[in-house]
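One structure is given here, and the rest of the page talks about it.
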Amino acid sequence: MLVLMKQDATPQQVDAVCERIREIGFVPHRIPGAMRTAVGITGNQGAILPDHFQGLDGVAECVPVSKPYKLVSREVKPDNTVIDVRGQKIGDGRLQIVAGPCSVESRDQIFRTAEAVARSGARFLRGGAYKPRTSPYVFQGLKDEGLKLLEEVKSHFDLRIVTEAKDTESLPAVAQVADIVQIGARNMQNFTLLEAAGRQRKPVMIKRGMSATMQELFMAAEYLLALGNYQVMLCERGIRTFETMTRNTFDLSAVVMIKHHTHLPVVADPSHGVGIDWAVAPLAKAAVVVGADAIMLEVHPDPRRALSDGQQSLRLEDYEQLAKEMLALRAPPASGA
Ligand code: PEP
Ligand code: MN
């Protein structure tokens with residue numbers, strides 16, 4: 003159920019609606035819009051009678067929400083969610099670029115990469131410190147030492163940090179350093195981690211599970227919004243199909259579907275999506291064209307020596323060229339934004 007307030011409803015009238023929702027044992031979610039405020043309701047098992055609200059001042063109408071995902075749905079919030087990450091907006095129509103190595107490997111590696119990323123016009127640096135790896139015998143990330151390096155690099159460059167929380171144990175330390183906490187594909191349905199990420203207040207990027215449907219991805223995000231963390235973005239990173247020529251099948255239609263069905267910003271990750279360095283650039287540009295809010299790319303000063311995902315990592319010079327081409331494809335939003 004969604005309670006739509008009148009355009010001229012006062013903040014006190016919205017408060018009164020929230021209070022009534024709490025009185026009947028549910029959780030209110032204030033959803034400010036360009037035209038009017040709406041209040042979403044969660045915590046109910048079945049339908050809620052509109053009678054609870056219809057007599058209250060400032061209420062225009064009560065509408066049932068037809069989808070199982072409620073707070074992430076465009077039905078509930080028609081305006082795009084724009085996330086402000088230390089002064090850089092994601093979701094307002096401009097293109098943001100997130101680039102960096104798969105894993106933070108050394109001081110030299112992350113500083114050299116950060117320098118190229120900052121120079122390219124990107125405002126976000128990625129780099130895993132806690133790495134979820136398929137094999138227990140390969141590099142698992144520098145863990146806390148990696149976080150320290152990210153903290154150091156963050157103080158030297160105008161770059162915001164995107165790094166993964168692999169589990170609930172590492173989440174608090176990761177969230178201290180990260181400007182955006184990444185939840186990886188393998189953890190998209192780790193509900194304990196989703197709940198923990200919903201309780202903290204750093205923005206979160208959830209990557210689509212490799213066999214997850216759109217609806218499952220939306221429901222994963224719903225966990226965070228239901229707990230009051232509304233700063234969530236969704237990332238398409240390729241899904242597993244019958245095809246073996248590519249690492250995954252990069253699902254560009256997901257970018258379009260996410261934008262249509264939800265109000266959350268969309269990040270596209272063609273690096274994991276295709277898994278082959280020379281195929282990344284055309285797919286990155288395609289993702290810009292179909293409306294991704296941000297493109298995330300793996301880049302490395304020496305991909306052949308990378309400790310993870312070297313096969314899909316771009317050389318710094320190739321990345322800088324691609325960044326130019328991507329930025330040229332998307333005009334900045336109208337002034338004032
Ligand atoms: C990554 O971003 O390096 C990563 C491990 O991604 P995914 O969870 O999409 O496999
Ligand atoms: Mn990777």
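Numbering of the sequence shown is given in our numbering, commencing with residue 3 and proceeding in unit increments. Ideal Cβ placement from N, Cα and C applies to all residues, glycine included.
Pairwise C-alpha distance: V257 and S122: 24 angstroms
Taking 7 angstroms as the cut-off, is the C-beta of G35 nearer than that to any heavy atom in the ligand PEP? No, since every heavy atom of the ligand PEP falls outside the 7 angstroms radius drawn around the Cβ of G35.
Determine the direct distance from the alpha carbon of R242 to that of I278, and round the result to whole angstroms. Those two C-alpha atoms are separated by around 15 angstroms.
Output needed for L226: all residues of its chain with C-beta closer than 7 angstroms, excluding positions within five of it in sequence on either side, in chain order. L196, A199, G200, V206 and V234
Quick one: residues in its chain with C-beta nearer than 8 angstroms to the C-beta of L173, no 5 flanking neighbours on either side, listed in chain order? The residues are A167, V183, L195, A198, A199 and Q202.
Skipping 5 residues on each side, what residues in its chain have a beta carbon closer than 7 angstroms to that of P303? Q111, R114, T115 and L318
For E147, does the count of other Cβ atoms within 10 angstroms reach 16, so buried, or fall short, so exposed? exposed
Count Cβ pairs between the stretch 294-302 and the stretch 57-64 that sit closer than 8 angstroms; are there 3 or more? no
Among the residues of its own chain, which have a CB less than 7 angstroms from the CB of T143, if the five just before and after it don't count? Note that residue 143 corresponds to Gly in the displayed sequence, not to Thr. Closer than 7 angstroms at the Cβ level, and outside the excluded window around G143, lie S105, G130, A131, Y132 and K133.
To which residues of the same chain is G293 closer than 8 angstroms at the C-beta, ignoring the five residues directly before and after it? Here G293 has V257, V258, K261 and V268 as same chain residues with Cβ atoms under 8 angstroms from its own Cβ, once five neighbours each way along the sequence are excluded.
Please determine whether the Cβ atom of D311 lies at a distance below 7 angstroms from any heavy atom of the ligand MN. yes
Do the stretch 59-74 and the stretch 208-221 make contact, defined as three or more Cβ pairs closer than 8 angstroms? yes
Less than 8 angstroms separating the beta-carbons of A62 and M7? yes
Have a look at the DSSP bridge pairing and note the partners of T264. S75
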